[in-house]
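In the numbering used here, the protein residues as written are 10 to 612.
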């Protein structure tokens, strides 16, 4: 195991030893490593993984003492406490060491989720069955309608997590769930909030809901009560300038009866904890997301922990009987119950990638860690929609990319109107695994600009040239521009051709902004796979690095592949691809144990 400490890790370790009035090397070492772990996205440091082993620390070999000695050292230190105490470091019974702040976030979230998951909400079964029959009509009696199962879980529980890959119908399911809940409470005005982690994700959810409501099989009165306004989670909680706190919290709960969060895989532990602890005691929460996608950029893999990534959903006898009565379907029950029993449903049928879809086959192989199967799909030239391209040397990359880049971006750059340009820009995107390096976003973007300029498609002599695509990288609530929003520089007919940056607004229209008023931004011919989450493109060129890195994982490949609706081309070398396909994100936390500890059903 290799650890490259940051200056903040060293300063923190110095602080812990100073406050403990000890010069013990073991205390300094584990304090530095737990700080380093949080910087890598982990919630805690698992002592079992480092104790009694030789590690490489800043290029030097270091032997970590046995676990018994490390635990004894930590328990003697006045800066270390057990769960519930108040010290800079928290050591739990399983040998996980936390920064206190992260232990608090995890514990608060676990307790809030368990509280919200407890109990069964009363329902009118006649009304519910009528709604299910109307909204989820049977089309195949031999196949379980998992969307209907998810709807039942959401109606009878105050907490529900619906997971599924792109094209499995998460949004359409949740719109039908809203209709079912509103039908259950005809005389009650339900206060409903819809939110997503980024402004772009919020806008996409809003567009989907507006479209789906039109064809919803329910009373017009119900349709009118289904909201279409979607905000970011930060805006929902109420940001406070200059503070990491929010206006709404456990002391000042959100007023909503039901909150729905889309793209939940992108939500980190601190934000999810603050959201869930801000719920009213009787509020409902529905999370939508793909548990197999990348975890959040910041610390934690909350959706993966909540969904018990890879495990089968635990359904109680009571819930299985309800599903049978309401839909006629038989789903497997579980001999064990856990705090989240009957709250998790994974949508299994893909309506975008049919069984014969090569993109679907490729994504499935990667998701199962079957690198050999994935390469077989990529290598078969008869498979339309997926192609493999051997990675060229850095010096040959520009020439190699030429045809794909020109064909991919020429249509939008030739558009005569901004409406046409915005529509065509999502036809193609080049996605990179990394930000820096010869195959990273920064360098590849410069190569693409050079290629487009050489073919006369852009004139980059000025920073603000016609056709320049812009990615917003910081939220600006005053401008209503959010991290992830994409705009295009284009002449404005209303100001005699002055260049403006045009964005799609939350209403589906187009708004323009002066380049001088933009918040932090970057040119976006190429983007990281992380930044592409929540987006869809007709064709994707996925550019992998020439060697393995910590960021290159199964989840990264899966997320990049499933951004494509029609074609995906992967550029890489076989060894790197195969290594990534079998490597999973292994973020450390205690959240999964807190939520998935089995209990024997009492008879």
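Yeah, the Cβ is synthetic: ideal placement off N, Cα and C, and Gly gets one too.
Cβ-Cβ distance between residue i and residue j below 8 angstroms
i	j	result
residue 304	residue 596	yes
residue 563	residue 375	yes
residue 582	residue 555	yes
residue 538	residue 440	yes
residue 271	residue 205	yes
residue 187	residue 140	no
residue 111	residue 278	yes
residue 241	residue 512	no
residue 193	residue 118	no
residue 528	residue 510	no
residue 598	residue 152	no
residue 79	residue 90	no
residue 310	residue 286	no
residue 185	residue 144	yes
residue 400	residue 126	no
residue 521	residue 494	no
residue 232	residue 222	yes
residue 336	residue 162	no
Proximity to residue i [Cα-Cα], best of the options
i	options	result
residue 414	457, 377, 382	457
residue 576	446, 396, 466, 460	396
residue 104	531, 259, 39	39
residue 300	173, 135, 165	173
residue 266	293, 407, 284, 246	293
residue 380	567, 422, 306, 487	567
residue 464	452, 489, 431, 412	412
residue 496	514, 250, 420, 504	514
residue 290	121, 315, 198	121
residue 44	449, 308, 421	308
Beta strand (DSSP E) segment containing residue i, residue limits
i	result
residue 98	98-100
residue 270	267-270
residue 575	573-581
residue 201	201-205
residue 152	Neither: residue 152 is in no beta strand (DSSP E) and is coded neither H nor E.
residue 63	63-66
residue 478	478-481
Residue i in three-state terms, based on DSSP
i	result
residue 390	coil
residue 57	helix
residue 296	strand
residue 473	coil
residue 164	helix
residue 358	coil
residue 536	strand
residue 364	Reliability fails at residue 364, whose pLDDT of 48 lies under 50, so the model's placement of it is uncertain and no value is given.
residue 90	strand
residue 105	strand
residue 548	strand
residue 409	helix
residue 28	helix
residue 21	helix
residue 345	strand
residue 460	helix
residue 591	helix
residue 374	helix
residue 586	helix
residue 620	Look at the range of the chain in this structure, 10 to 612, and you will see that residue 620 is not part of it.
residue 129	coil
First through last residue of the alpha helix (DSSP H) which encompasses residue i
i	result
residue 532	Not the alpha helix (DSSP H): residue 532 falls in the beta strand (DSSP E), residues 530-532.
residue 3	Here the chain comprises residues numbered 10 to 612, so residue 3 is not present and cannot be evaluated.
residue 81	76-85
residue 117	109-126
residue 328	326-336
residue 398	Here residue 398 belongs to no alpha helix (DSSP H); instead the beta strand (DSSP E) covers 395-399.
residue 70	Residue 70 -> not in any alpha helix (DSSP H); beta strand (DSSP E) instead, spanning 69-72.
residue 570	563-570
residue 9	The structure shown does not extend to residue 9, since the chain is modelled only from 10 through 612, so no value can be given for it.
residue 311	311-316
residue 600	600-605
residue 137	134-144
Interface flag, residue i vs chain D, CB-CB below 8 angstroms
i	result
residue 432	Here chain D cannot be found, since the structure has a single protein chain.
Could you tell me which whole beta strand (DSSP E) segments of length 3 or greater appear in the segment 486-526?
495-501, 507-513, 519-522
Going residue by residue through the segment 418-444, where are the continuous alpha helix (DSSP H) segments of at least 4 residues, counting only ones entirely within it?
427-434
Write down every uninterrupted run of the beta strand (DSSP E) in the segment 212-293 whose length is 3 residues or greater and which is fully enclosed by it, in chain order.
239-241, 267-270
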